[in-house]
Amino acid sequence: MNTKFVRSLLVVASLTISSSALASTIVHNVSSVGPTDCSEPHGLWTNQYFGSPSCDKNYFDLSGTLTENGTTAVLSATAKNVDNLVATINITFGNRSTTFPKSKTGGGPVVADWRYYGSVTSGSIIIDGMIFTVTPANDYALQIGTGANDKSGDFGGSVWLDPKKDGVTFPHWDINMNLTPVPLPAAAWLFLSGLVGLGIVRRRRRAQIAG
């Protein structure tokens, strides 16, 4: 067999493996609206933990990334409130499903691209040195899809959590985020180039045999 042809096959096989891995991974940039006051859409909401009735302190703007990979999703983000208090968020979600986890009554139809993550496999929110571990506060932990940002109705996601600190569980917190998918890296284009290259090699080989 032609050595160049074998090399081309190996290159394309390698790129196919890389592309398959990329295809199963979706990276989103995370953003949110606000906070300006208690009525605005928000990223992280900490219920009334950081002050009541002055609830502004409990509304945090949000930025970071959300990476979906197979049956898991990882949220890595920071959030800041009006007092410049910073929250560091690292949560891994599991049990991905495209089926609504309970009977949907009165909530409208489920949009086709929605997916749900039913569990938190690990995670914490650290604010001002305080570590809050988190568990789902709903029938699922995370929803993603068109209109899934519960506060803006944009393409994005929403999270409902029960935070716990020093053995005490507090009233639920939530996270609402707009999501912007990050384009596939250059490896995907390399994969396509490899396929084109293989086609050229095959055509040349056929031409040599015919000649």
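In this note's numbering, the protein residues as written are 908 to 1118. Ideal Cβ positions, reconstructed from N, Cα and C, are used throughout, including at glycine.
Helix, strand or coil at residue i according to DSSP, with G and I counted as helix
i, result
"residue 956", "coil"
"residue 1072", "strand"
"residue 965", "helix"
"residue 1004", "strand"
"residue 978", "coil"
Start and end residues, beta strand (DSSP E) containing residue i
i, result
"residue 935", "932-938"
"residue 1043", "1037-1043"
Identity of the residues DSSP links to residue i by a beta bridge
i, result
"residue 983", "972 and 997"
"residue 1081", "952 and 1067"
"residue 1049", "1024 and 1066"
"residue 1086", "937"
"residue 1029", "999"
Contact under 8 Å by Cβ, residue i with residue j
i, j, result
"residue 1062", "residue 1024", "no"
"residue 935", "residue 973", "yes"
"residue 1077", "residue 956", "yes"
"residue 1027", "residue 1043", "yes"
"residue 1041", "residue 1032", "yes"
"residue 1030", "residue 1082", "no"
"residue 1060", "residue 1054", "yes"
"residue 1084", "residue 931", "no"
"residue 1068", "residue 1079", "yes"
Outcome for residue i when other beta-carbon atoms lying within 10 angstroms are tallied against a minimum of 16
i, result
"residue 1090", "exposed"
"residue 1074", "exposed"
"residue 993", "exposed"
"residue 1019", "exposed"
"residue 1037", "exposed"
"residue 991", "exposed"
"residue 953", "buried"
"residue 1088", "exposed"
"residue 1004", "exposed"
"residue 1056", "buried"
"residue 950", "buried"
"residue 976", "exposed"
"residue 971", "buried"
"residue 958", "exposed"
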